[in-house]
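Here the structure comes first, spelled out in C-alpha cells, and everything after it is commentary.
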Amino acid sequence: MQLKSELLLYLDKLKDKPPSSFIIEGGLSESRFEFFKFMAKKINCLQGGCTNCSFCLNIEKKEAIDTFIFSGQEVNIENIRDLKSQLANKPKLSYRLICFEEAQDLNVNCLNSLLKVIEETPPQNIFFFLLPQRESTLQTIISRSFILNISFFKSEININMPLEKIKEFIDKGNTFLNLKKNNYNKKDIRNLINYFQKELVNFILKKESIFQNLNEKQFFKITNILNIAQKYLSYNCDSQLVLEWMLIKIFITLKKSNF
Numbered sequence: 528m529q530l531k532s533e534l535l536l537y538l539d540k541l542k543d544k545p546p547s548s549f550i551i552e553g554g555l556s557e558s559r560f561e562f563f564k565f566m567a568k569k570i571n572c573l574q575g576g577c578t579n580c581s582f583c584l585n586i587e588k589k590e591a592i593d594t595f596i597f598s599g600q601e602v603n604i605e606n607i608r609d610l611k612s613q614l615a616n617k618p619k620l621s622y623r624l625i626c627f628e629e630a631q632d633l634n635v636n637c638l639n640s641l642l643k644v645i646e647e648t649p650p651q652n653i654f655f656f657l658l659p660q661r662e663s664t665l666q667t668i669i670s671r672s673f674i675l676n677i678s679f680f681k682s683e684i685n686i687n688m689p690l691e692k693i694k695e696f697i698d699k700g701n702t703f704l705n706l707k708k709n710n711y712n713k714k715d716i717r718n719l720i721n722y723f724q725k726e727l728v729n730f731i732l733k734k735e736s737i738f739q740n741l742n743e744k745q746f747f748k749i750t751n752i753l754n755i756a757q758k759y760l761s762y763n764c765d766s767q768l769v770l771e772w773m774l775i776k777i778f779i780t781l782k783k784s785n786f
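Be aware that the sequence shown starts at 528, since it is given in my numbering, and climbs by one per residue.
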C-alpha cells in the first residue's frame with residue numbers, strides 16, 4: 528500500500544501514545560484492512576514495521592500474536608464477552624489490537640456492548656473499526672475514537688469556499704456575516720471538514736497549519752466537532768446551519784485553553 532510521507536510521519540507520532548480506539552474510513556474495504564495491517568506493524572513491530580519479523584509476517588496471515596480480527600457479520604454478544612475476559616490480561620507485545628472489518632455490519636447490541644468494553648479497557652488494548660464512512664456506526668463510538676480518513680491523503684482537496692475568510696473567522700471572529708451570504712451545499716462542507724482534518728494532521732506533524740498552539744483537549748474537541756458536523760450532514764440538516772455551527776464551535780474552542 529503506497530502511503531504519502533506526511534501520513535507516515537503522522538503514524539509515527541500516533542504510535543508513541545495511541546488512542547484506545549480508531550475508526551479507519553474511506554477507500555475500499557481491502558485498502559482499509561491494508562491500512563490496519565500497516566498500523567499494526569507500526570505499533571507492535573519492535574522495528575516499527577520491518578515486514579520481516581514474526582509479527583509482521585503473521586499479521587499478513589491474520590495470525591499475529593496479541594491481535595484479534597473479526598468480520599462485522601460474525602460478531603455476537605458471546606464473542607464480545609469472551610473478548611472482554613481476555614483484555615484484562617497484559618499483552619505479550621506492547622499492545623493488544625482488536626480489529627473489526629466491515630464494522631458497519633455490527634448490530635446495535637454488539638456496538639453498545641463494545642462501547643462499555645472500550646470505556647473500561649486497560650490502556651494496552653486498542654480497538655480498530657474499519658468502515659466505509661463513520662456515519663454507519665454509533666455516534667457514541669465515533670466520539671470515543673480517533674478518526675483516520677484514508678481518502679483525503681490521496682489527492683488535493685477542492686475547496687469551493689473563501690478559505691481566507693474562514694481562517695479569519697476562526698482566528699478573530701470576523702467575516703462571519705460574509706459567510707452567511709452564501710449557500711454552500713453538502714459537498715462543499717464535507718470538503719471543508721476534510722480540509723480541517725488534514726490541517727489537524729499538519730499540526731501534529733509540526734508543519735504549517737491553520738491550527739497553532741493547540742493543547743490536547745482542544746485538538747480532540749475540534750476532532751469531535753468535525754465528527755458531529757459530518758453526522759448532521761448525514762441527517763440532512765440544513766447545510767448552511769451546519770457550516771455556521773461548526774465554525775462557531777471551532778472559534779470558541781480556539782479561544783478557550785481549558786476544557
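C-beta atoms are modelled at their ideal positions from N, C-alpha and C, and glycine is treated no differently.
Only a predicted model underlies this, so the values are computations on that prediction, with no experimental measurement involved.
Cα atoms of LEU665 and GLU646: separation of roughly 14 angstroms, rounded to the nearest angstrom. As computed with DSSP, THR594 is found in a beta bridge with LEU624. Listed in chain order, the alpha helix (DSSP H) elements of length 4 or more contained wholly in the region 657-738 are 666-670, 690-699, 703-707 and 713-731. One alpha carbon belongs to LEU638, the other to PRO545, and they sit about 21 angstroms apart.
Closest by C-alpha distance to TYR762, out of SER663, SER621 and TYR722, is SER663. The continuous alpha helix (DSSP H) containing GLU587 extends over residues 581-587.
Linking SER766 to ILE720 through their CA atoms gives a straight-line distance of about 12 angstroms.
Taking 8 angstroms as the cut-off, the Cβ atoms of ASN652 and ILE669 do not count as close. Excluding residues up to 5 positions away in sequence, LEU665, THR667, ILE668 and ARG671 lie with their Cβ nearer than 8 angstroms to the Cβ of LEU642 in the same chain. Annotation for GLU561: the continuous alpha helix (DSSP H) segment containing it runs 556-571.
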